[in-house]
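Q: Residue numbers (the UniProt record's numbering): 5 to 430.
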Amino acid sequence: EIRKVQGRRVWDSRGRPTVEVEIELASGAIGRAIAPAGASTGTGEALDLRDGGSALAGLGINKALAAVNGEIARLLVGRDARLQAELDRAIIELDGTQNRSRLGGNASVATSMALLHAAAAAADQPIWRYLAGSAKGITMPLPEIQIFGGGAHAARRVDVQDFMIMCPAASTFSEALEWTAEVYRAAGDIMKRAGKLQGVADEGGYWPAFTSNEEALDALVRSIEAAGLRPGGEVAISLDIAASEFGREGRYALALEGRQLDTAKMIDMLGGWLNAYPIVSIEDPLAEDDADGFKEFTARYGSRCQIIGDDFFVTNAARVSEAIRDKSANAVLIKPNQAGTITETFEALAVAKQAGFRTIVSARSGETEDVTIAHLSVGWNAKQLKVGSFSRSERMAKWNEVLRIEEALGKEASFAGWSALDLAEK
Ligand code: PGA
Ligand code: ZN
5 EIRKVQGRRV
15 WDSRGRPTVE
25 VEIELASGAI
35 GRAIAPAGAS
45 TGTGEALDLR
55 DGGSALAGLG
65 INKALAAVNG
75 EIARLLVGRD
85 ARLQAELDRA
95 IIELDGTQNR
105 SRLGGNASVA
115 TSMALLHAAA
125 AAADQPIWRY
135 LAGSAKGITM
145 PLPEIQIFGG
155 GAHAARRVDV
165 QDFMIMCPAA
175 STFSEALEWT
185 AEVYRAAGDI
195 MKRAGKLQGV
205 ADEGGYWPAF
215 TSNEEALDAL
225 VRSIEAAGLR
235 PGGEVAISLD
245 IAASEFGREG
255 RYALALEGRQ
265 LDTAKMIDML
275 GGWLNAYPIV
285 SIEDPLAEDD
295 ADGFKEFTAR
305 YGSRCQIIGD
315 DFFVTNAARV
325 SEAIRDKSAN
335 AVLIKPNQAG
345 TITETFEALA
355 VAKQAGFRTI
365 VSARSGETED
375 VTIAHLSVGW
385 NAKQLKVGSF
395 SRSERMAKWN
405 EVLRIEEALG
415 KEASFAGWSA
425 LDLAEK
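#1: Kindly provide the ranges of any alpha helix (DSSP H) runs that are 4 or more residues long and lie completely inside the region 201–232, ordered along the chain.
#2: Find out if the Cβ-Cβ distance for the pair residue 437, PHE394 is shorter than 7 Å.
#3: Need the endpoints of the beta strand (DSSP E) that ARG234 sits in, please.
#4: Quick one: what's got a C-beta closer than 7 Å to LEU29's C-beta in the same chain, skipping five residues either side?
#5: Identify whether GLY392 lies in helix, strand or coil by the three-state DSSP scheme.
#6: My output table needs one value for GLU410: the three-state DSSP class, helix, strand or coil.
#7: Using the three-state DSSP reduction, which class does LYS430 fall into: helix, strand or coil?
#8: Comparing C-alpha positions only, which one of LEU290, GLY383, ALA174 sits nearest to GLY137?
#9: Indicate the three-state DSSP secondary structure (helix, strand or coil) for SER423 in the structure shown.
#10: Quick check: does the Cβ of ASP206 come within less than 6 Å of any heavy atom belonging to the ligand ZN?
#11: Can you list, in chain order, the residues of its chain with a C-beta nearer than 7 Å to that of VAL375? Leave out the 5 residues immediately preceding and following it.
#12: Kindly list the residues whose CB is nearer than 8 Å to the CB of ALA220, restricted to its own chain and excluding five residues on each side of it in sequence; keep chain order.
#13: Is it right to say LEU389 is buried, meaning 16 or more other beta carbons lie within 10 angstroms of its own, or is it exposed?
#14: Between ASP244 and the ligand GTP, is the CB less than 6 Å from at least one heavy atom?
#15: What I want to know is whether the C-beta of SER369 ends up closer than 6 Å to one or more non-hydrogen atoms of the ligand PGA.
#16: Give a single yes or no on whether GLU287 has its beta carbon closer than 6 Å to a heavy atom of the ligand ZN.
#17: Could you tell me whether the region 305–325 touches the region 58–78, using the rule of 3 or more Cβ pairs below 8 Å?
#18: Are GLY74 and SER369 closer than 7 Å when you measure CB to CB?
#19: Nearer than 6 Å: is that true of the beta carbon of ASP314 relative to any heavy atom of the ligand ZN?
#20: To which residues of the same chain is ALA139 closer than 6 Å at the C-beta, ignoring the five residues directly before and after it?
#21: Thinking C-alpha only, which one of ALA159, GLY11, ALA247 is nearest ILE27?
#22: Should THR101 go down as buried or exposed, given a rule of 16 or more other Cβ atoms within 10 Å for buried?
#23: How about LYS387 and THR143: are their beta carbons less than 7 Å apart?
#24: With a 10 Å radius around its C-beta and 16 neighbouring C-beta atoms as the bar for buried, classify THR363 as buried or exposed.
#25: What number of angstroms, rounded off, separates the C-alpha of ARG255 from the C-alpha of GLU218?
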């Protein structure tokens with residue numbers, strides 16, 4: 005039984021305020037969680053409620069906090085924290101809007117995740133095990149890790165948002181991180197030698213001091229090689245184009261190259277990259293309003309590449325269902341704060357899995373020490389996890405938490421590897 009619901013203001017990895025919720029049960033068990041925040045947000049996301057005005061650049065979260073400490077607390081006190089779906093539904097109803105704009109998606113996601121933490125604590129289990137029921141059939145997620153940051157996370161220094169690697173040929177999650185550490189360090193050395201090392205972007209990837217998107221891709225391939233690993237064999241490339249940031253109504257403005265492309269030309273350019281580089285995954289190749297482009301891209305490249313919808317799906321089960329029908333992607337990025345509650349997040353994941361779509365649990369560009377998503381990726385057997393780069397502790401906290409889970413699973417921990425991508429090995 006819930007005794008107390010307490011919201012408080014804490015600060016995220018960009019130094020911006022965010023909502024933490026702590027839920028205390030009558031037994032004394034406590035669940036605590038913090039809302040993350042995106043920069044390249046999709047229009048259909050649960051609304052991250054901000055105060056506006058001049059203080060904190062309008063990013064204050066006092067309204068969301070008031071909702072937690074007032075209406076939401078009154079709704080939840082006295083209820084059974086284990087009834088996640090029922091309580092999430094009650095929060096959704098209490099809000100009453102399409103996009104959680106009254107109480108705030110930040111208020112609802114932090115509360116919903118705190119409920120999950122409290123219920124798992126009451127059961128005296130880590131969240132991944134509480135969700136999975138047992139260790140049987142669980143696979144450790146394939147990590148998708150950023151080496152160069154770009155797009156909205158690096159003042160649009162390059163158009164593409166994430167230049168990432170995946171290590172599907174590693175034999176364990178732990179080994180995948182070790183290979184990543186080698187590539188990340190090699191990338192830093194290469195940037196330094198070229199006189200281009202200028203710190204890191206929002207998610208910890210190196211600042212993209214490049215003159216073209218291809219230059220970044222070339223640097224990525226060289227980093228993998230310099231780490232003594234085989235590009236495409238042991239370590240593959242993954243991109244988040246985040247095309248909604250520079251494309252709308254079928255026009256894509258590539259600022260870095262001073263070019264405007266239509267949908268067909270955009271698809272041709274990405275297809276060219278697929279042919280020239282060992283790319284196994286592309287996220288948001290086209291803008292959120294370009295469903296036909298997504299369809300065309302998936303028809304052409306879906307058999308050889310994972311095609312992820314992020315801004316395109318905004319972790320919404322109905323949108324995922326549409327895409328399954330239209331074959332307009334083959335993978336779904338799963339972000340709890342896009343959906344607004346754990347229950348809605350799980351629904352999007354379940355619909356995707358049922359249709360054989362791949363699933364990737366993901367962090368946001370604004371993060372904290374909260375490691376809930378590490379547990380979701382394992383407990384829901386999503387098979388992939390994306391949390392940014394291999395530096396900055398709001399990122400490392402998640403990778404390190406998965407290491408602890410892998411250790412707890414011991415021999416039962418099998419690594420998703422290539423099977424997560426469901427592609428023929430390169
Ligand atoms: P965001 O970026 O959190 O800024 O939206 C992450 C992503 O696009 O995957
Ligand atoms: Zn994205």
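Backbone N, C-alpha and C define an ideal beta-carbon position, used for all residues, glycine too.
Note that the structure is a prediction, hence the values are computed from the model and not measured.
A: The relevant details are as follows:
#1: Counting only runs of 4 or more, we get 217–230.
#2: Residue 437 lies beyond the residue range present for the chain, which begins at 5 and ends at 430; the question has no answer from this structure.
#3: From DSSP, ARG234 is part of no beta strand (DSSP E); its letter is neither H nor E.
#4: Here the set comprises GLU5, ILE6, ARG7, ALA85, ALA122, ALA126.
#5: In this structure, GLY392 counts as strand in the three-state DSSP scheme.
#6: DSSP places GLU410 in helix when its eight states are reduced to three.
#7: Only weak support exists for where LYS430 lies, its pLDDT of 48 falling under 50; the coordinates are left without a value.
#8: With respect to the C-alpha of GLY137, the residue from LEU290, GLY383, ALA174 having the closest C-alpha is GLY383.
#9: Taken through DSSP and simplified to helix, strand or coil, SER423 comes out as helix.
#10: Proximity of the beta carbon of ASP206 to the ligand ZN is not indicated: no heavy atom of the ligand is located closer than 6 Å.
#11: Closer than 7 Å at the Cβ level, and outside the excluded window around VAL375, lie ALA401, LYS402, GLU405.
#12: Result list for ALA220: PHE152, GLY154, VAL162, VAL164, PHE167, PRO212, PHE214, in chain order.
#13: Answer is buried; the Cβ neighbour count reaches 16.
#14: For the ligand GTP, the structure offers nothing, since it holds only the ligand PGA and the ligand ZN.
#15: True, at least one ligand heavy atom lies under 6 Å from that Cβ.
#16: Proximity of the beta carbon of GLU287 to the ligand ZN is indicated: a heavy atom of the ligand is located closer than 6 Å.
#17: The region 305–325 vs the region 58–78: no contact.
#18: Pairing GLY74 with SER369 gives a Cβ-Cβ distance that is not under 7 Å.
#19: Flag set: Cβ of ASP314 near the ligand ZN.
#20: Taken in chain order, the residues that qualify are LEU413, GLU416.
#21: Measuring from the Cα of ILE27, the nearest candidate turns out to be GLY11.
#22: With fewer than 16 Cβ atoms within 10 Å of its Cβ, THR101 is classed as exposed.
#23: In this structure, THR143 lies closer than 7 Å to LYS387 by Cβ.
#24: A buried status is given to THR363, since no fewer than 16 other beta-carbon atoms sit within 10 Å of its beta-carbon.
#25: If I take the Cα positions, the gap works out to 20 Å.
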